[in-house]
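Structure first, commentary second.
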Amino acid sequence: METWDAIRARRNVRTYEDRAITPNHLDRILEAGWRSPSASNRQHWDFVLVTEPGQLEELSKVWTGAGHLAKAKAAIVLVLPEPEDEGYRTIDQYDLGQATMAMMLAAADLGIGSGHSAVGNQEACRRILGTPRDHICAYMVAFGYPADRALKPIAKPNRRPFPEVVHRGHW
35 METWDAIRAR
45 RNVRTYEDRA
55 ITPNHLDRIL
65 EAGWRSPSAS
75 NRQHWDFVLV
85 TEPGQLEELS
95 KVWTGAGHLA
105 KAKAAIVLVL
115 PEPEDEGYRT
125 IDQYDLGQAT
135 MAMMLAAADL
145 GIGSGHSAVG
155 NQEACRRILG
165 TPRDHICAYM
175 VAFGYPADRA
185 LKPIAKPNRR
195 PFPEVVHRGH
205 W
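Laid out in structure tokens, this is it:
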């Protein structure tokens with residue numbers, strides 16, 4: 035898929051086929067996150083890949099909107115160390131947003147759907163993944179082949195009208 039097609043085809047997918055994702059495709063998705071931009075090249079992130087169904091089920095309970103992880107074929111949990119100060123918190127969160135989008139686009143390019151989630155219960159997430167206490171499980175992204183319909187460019191997305199969103203030179 036071309037980059038522009040992957041951008042137009044990517045959508046939040048929360049129901050998945052019962053079909054495994056190959057390890058090389060998971061590595062490509064992870065590499066997309068690893069290659070994403072990072073402020074001052076800090077790269078303070080860690081990515082925890084989860085493919086074990088029991089772990090995915092447990093992770094689906096760390097946030098009210100994470101139920102889709104239970105039936106996903108894989109999830110990546112984006113983890114950050116506690117920042118040295120509040121200024122770095124904003125920078126690191128922005129970096130995770132870029133890594134998340136890079137992974138989602140790489141997945142879309144492979145026909146793999148994705149759906150993001152926050153993490154509410156830090157203690158449970160740390161226990162499930164074994165992450166250090168001085169780290170936070172910031173976000174989770176579930177992956178799997180869409181059960182409802184294949185990814186393809188969406189001609190008329192359900193978005194605010196382009197002219198309402200884009201301001202050129204002034205508000």
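Residue numbers (the working numbering): 35 to 205.
Where a beta carbon is used, it is the ideal one built from N, C-alpha and C, also for glycine.
Under 7 Å Cβ to Cβ from residue 39, same chain only, skipping five residues before and after it: list those, please. Closer than 7 Å at the Cβ level, and outside the excluded window around residue 39, lie 187.
Going along the chain, which unbroken runs of the alpha helix (DSSP H) with 4 or more residues stay wholly within the stretch 109-193? Those alpha helix (DSSP H) runs which fall completely within the stretch 109-193 and span 4+ residues are 120-143 and 156-163.
For residue 84 and residue 107, what's the separation of their Cα atoms in angstroms? A straight line joining the alpha-carbon of residue 84 with that of residue 107 spans about 9 Å.
For residue 52, the three-state DSSP class (helix, strand or coil): In the structure shown, residue 52 sits in coil (DSSP, three-state: anything other than H, G, I, E or B).
Whole angstroms is fine: what's the gap from residue 81's alpha carbon to residue 87's? The straight-line gap from Cα to Cα measures roughly 18 Å.
Would residue 76 and residue 119 be called neighbours here (beta carbons separated by less than 9 Å)? No, the pair does not count as a contact, with Cβ atoms beyond the cut-off.
Does the pairing of the stretch 46-63 with the stretch 159-174 give three or more beta-carbon distances under 8 Å? With a cut-off of 8 Å, the stretch 159-174 and the stretch 46-63 do not count as touching, because too few Cβ pairs lie within range.
Quick check on the burial criterion: 16 or more other C-beta atoms within 10 angstroms. Buried or exposed for residue 153? Counting every other CB atom within 10 Å of its CB across the protein chains shown gives residue 153 a total of 16 or more, marking it as buried.
Determine the direct distance from the alpha carbon of residue 45 to that of residue 192, and round the result to whole angstroms. Straight-line Cα distance between these residues: approximately 11 Å.
Please report the straight-line C-alpha distance between residue 139 and residue 102, rounded to a whole angstrom. Computed Cα separation, rounded: 19 Å.
Check this for me: beta carbons of residue 78 and residue 126, under 9 Å apart or not? Taking 9 Å as the Cβ cut-off, residue 78 and residue 126 qualify as a contacting pair.
Could you say which of 204, 109, 91 and 123 lies nearest to residue 73 if we only look at CA atoms? With distances taken between Cα atoms, residue 73 lies closest to 123.
Same chain, Cβ closer than 6 Å to residue 105, neighbours up to 5 away in sequence not counted: These residues qualify, in order along the chain: 50.
Per DSSP, which residues does residue 47 bridge with? Please list them. Paired residues: none, contrary to the question.
For residue 60, report the span of its alpha helix (DSSP H) as first-last. Start and end: 57-69.
Nearest-angstrom Cβ-Cβ length linking residue 66 and residue 177, presumed shorter than 8 Å: Not really, about 12 Å apart at Cβ, beyond 8 Å.
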